[in-house]
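Scroll down for the structure; my scribbles are underneath it.
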Amino acid sequence: MGEVYSHLSEEERQVIQIEIGNGTGIRAIGAMIGRSPSTVSREIKRNTWFPSNESESYRPYRPRRLKTGPWTSRYYIAGPARRKAARRRAKARKPHRLSPDRLWAWVAEKLGCGWSPPPVSGRLRVLFPGDDAMRVCPETVYRWIYSSKCLCSMVLRPVERLVFSPKER
Numbered sequence: 006m007g008e009v010y011s012h013l014s015e016e017e018r019q020v021i022q023i024e025i026g027n028g029t030g031i032r033a034i035g036a037m038i039g040r041s042p043s044t045v046s047r048e049i050k051r052n053t054w055f056p057s058n059e060s061e062s063y064r065p066y067r068p069r070r071l072k073t074g075p076w077t078s079r080y081y082i083a084g085p086a087r088r089k090a091a092r093r094r095a096k097a098r099k100p101h102r103l104s105p106d107r108l109w110a111w112v113a114e115k116l117g118c119g120w121s122p123p124p125v126s127g128r129l130r131v132l133f134p135g136d137d138a139m140r141v142c143p144e145t146v147y148r149w150i151y152s153s154k155c156l157c158s159m160v161l162r163p164v165e166r167l168v169f170s171p172k173e174r
């Protein structure tokens, strides 16, 4: 059936924090917690904490002994890493369902007026700047047009020119 994947737990993040502080390699950390090295590497990359992220007054500096490299050192701390991961998970956008509601009624109306999907998508961003429910990309509109759920005769007739068919000679 396949493997079952799960998010990193608080304990696993604490092990990563401690072992990075000790200078342990990513492969060894992955073996300790029973995860792939790429999972550990991705976790460190996504949830690394910079001191300048928290304090506006912090000024990054480059130590004299370094000729190249980062201006500030990076830290992996389990608490902020968990909060960042939770924030990303909550912020993740769910895909639009192709169902008739306020968004699709507006899209169908504009398609019925002869608009093509890219201007429809762009106009939605202008007219509803703060409303994430009224956002759709042109590819989604095209998918909706070509799907069997788009049964509106007012939409299909003007959009027929968007469906490319070979011309008769």
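Each position in the sequence shown, counted from 1, maps to that position plus 5 in this note's numbering.
For glycine and all other residues, C-beta sits at the position ideal for the given N, C-alpha and C.
Source: prediction; values computed, not measured.
Residue environment for A86: buried (at least 16 other C-beta atoms within 10 angstroms of its C-beta). Annotated three-state conformation of W120 is coil, per DSSP. Annotation for R130: R140 place their beta carbon closer than 8 Å to its own, counting only its chain and skipping 5 residues before and after. Listed as beta-bridge partners of W54 by DSSP are Y80. The C-alpha of N52 is placed about 9 Å away from the C-alpha of R88. Excluding its 5 nearest sequence neighbours in each direction, A138 has C-beta neighbours in its own chain below 8 Å: R107, L108, listed in chain order. For Y10, no alpha helix (DSSP H) run applies, since DSSP gives it neither H nor E. Setting aside the 5 residues that flank it on each side, V45 is surrounded in the same chain by I21, I31, I34, G35, each with a C-beta closer than 7 Å to its C-beta; the list follows chain order. DSSP places V112 in the helix class (H, G or I) of the three-state scheme.
The C-beta of Y81 has 16 or more other C-beta atoms within 10 Å across all chains shown, which makes the residue buried.
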